[in-house]
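Here the structure is laid out as C-alpha cells; the discussion comes afterwards.
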C-alpha cells in the first residue's frame, strides 16, 4: 500500500491475530485494513494495488451508494429481487486460494498514533496507540481467549 501512497492500519481480525499469536487467524480468509475516507475515492490506487498484489488477492474496494433515486429506490429492495438473489447464495469464491484485502474507510482519529504489530514475521501499523482498547471495543474484554470459531467450510475448532 505504501507503493500506491495510501496510509493504512491493520484492524479487526487481522489485528486480533497479530496480538494473539503474531500470525493470521487460521480460519480467516481476509486481511482487514483501514484507510482514510478520502483515499476510498481514489479508484486508480485500488486498481494499481490489485495489479501489484496479483491474482492471489482480491482488493475489496468499499463504495458508497449514490445519493440519487437510481440506487435508493424501492425497486432495489423489491421482494422478488431479493428472492432471486437468495438463489445465488452462498457465493463461492472464484479462486479457492484467493484472499480478500478488505479496505474500510475509517474515522480520521484512527490515524493519529499507531502501534507497530507483528504478523507473519512482518511489522505493520496497527490501529490506535491503544490496541488493547480497540480490540476490547470490537471483541469484548476476553478477546485474548481462544474460543470455537466456525470455518467457512463449516468445521468448528478452538483458536
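Numbering (full-length UniProt numbering), first residue to last: 1 to 159. A virtual CB, placed ideally from N, CA and C, is assigned to each residue, including glycine. Everything numeric in this text was worked out from a predicted model, so none of it was measured.
Of the residues 141, 57 and 52, the one placed nearest residue 29, counting alpha carbons only:
57
Residues sharing a beta bridge with residue 119, DSSP
122
Could you tell me which residues DSSP puts in a beta bridge with residue 58?
100
Could you tell me whether the Cβ atoms of residue 101 and residue 34 are closer together than 8 Å?
no
Using only the alpha-carbon positions, how far apart do residue 50 and residue 61 sit?
10 Å
Endpoints, beta strand (DSSP E) assigned at residue 136
Run containing residue 136: none in the beta strand (DSSP E); it sits in the alpha helix (DSSP H), 131 to 139.
Here's the rule: buried if 16 or more other CB atoms are within 10 angstroms of the residue's CB, otherwise exposed. What is residue 9?
Burial of residue 9 is indicated by the presence of at least 16 other C-beta atoms within 10 angstroms of its C-beta.
May I have the straight-line CA-CA distance separating residue 135 from residue 107, to the nearest angstrom?
16 Å
Selection from 132, 5, 145 and 140 that minimises the alpha carbon distance to residue 42
Taking the Cα of residue 42 as reference, the smallest distance to any Cα among 132, 5, 145 and 140 is reached at 5.
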